[in-house]
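Visitor: For the sequence shown, the residue numbers in UniProt numbering are 1 to 172.
Quick reminder that beta carbons are idealized off the backbone N, C-alpha and C, glycines included.
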Amino acid sequence: MPSSAPHPEQLHFSSDGRTPNSSHPVLVYRQLPLAGNDYASAFENLFNSHLWPAQWRAGVYDYHHFHSTAHEVLGVSRGAARLMLGGEQGQEVEVRAGDALVLPAGTGHCQLSASNDFQVVGGYPVEQQYDLLRPDEASHDEAQARAQRVSVPVSDPVAGTQGALVDLWRKE
């Protein structure tokens with residue numbers, strides 16, 4: 001990532017008793033200096049180069065969910081959307097093409113609205129397999145324990161081994 005890359009916004013969410021969230025901050029990179037007009041391929045190349053292999057291109061589910069077994073990166077390759085992060089009582093975040101979000105395991109997310117062309121590229125750290133869970137009081141403690149055991153990746157999916165994730169997530 002070039003030194004001109006912006007520093008990510010940090011969003012902090014704690015458990016709401018249904019969605020575990022994480023002690024690690026969500027990282028929101030705005031308007032990354034991606035090469036060319038094909039942002040999907042640019043995000044795939046960027047994530048792959050930092051050991052967060054891109055695995056799919058799609059939208060974001062329109063229901064609250066989280067992953068308890070993997071961290072996730074979302075690169076907005078087209079369009080714009082309004083997302084809810086942190087669970088049902090979380091925070092609305094607007095994203096548009098060129099933005100990327102890094103969600104620590106357990107972080108709730110949901111698409112509230114989106115442009116017709118909205119697309120994200122999703123990826124996960126090498127050797128992490130994601131699950132798909134919905135907020136639930138009965139399974140919360142088990143999901144939270146799993147999410148807390150997910151290892152901190154060796155690199156930030158946007159900025160590599162010198163990225164904000166490495167510094168911020170390892171401090172804890």
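1. Tell me the start and end of each unbroken alpha helix (DSSP H) in the region 125 to 152 that is at least 4 residues and wholly inside, in chain order.
2. A54 and V121 - do their beta-carbons sit closer together than 8 angstroms?
3. Using the three-state DSSP reduction, which class does D167 fall into: helix, strand or coil?
4. Please name the residue, chosen from L11, R30, G17, that lies closest to A145 on a Cα-to-Cα basis.
5. If you pair each beta-carbon of the region 54 to 69 with each one of the region 95 to 115, do three or more pairs fall below 8 angstroms?
6. Terminal residues of the continuous beta strand (DSSP E) containing A114?
7. Could you check what DSSP says for Y61 in three-state terms: helix, strand or coil?
8. Buried or exposed: which applies to E44, given that a residue is buried once 16 or more other Cβ atoms fall within 10 Å of its Cβ?
9. Quick one: what does DSSP say A97 is sitting in, helix, strand or coil?
10. Roughly how far, in whole angstroms, is the beta-carbon of S115 from the beta-carbon of A80, given that I think they are within contact range, below 8 angstroms?
11. If we call anything under 8 angstroms between Cβ atoms a contact, is Y39 one with A100?
Guide: A quick look at the data gives this:
1. 140 to 149
2. yes
3. helix
4. Between A145 and the set L11, R30, G17, the nearest pair of CA atoms involves G17.
5. yes
6. 109 to 114
7. coil
8. Burial call: buried.
9. A97: coil per DSSP, three-state reduction.
10. With 8 angstroms as the limit, S115 and A80 qualify as a contact, their Cβ atoms being about 5 angstroms apart.
11. No, Cβ-Cβ distance for Y39 and A100 is not below 8 angstroms.
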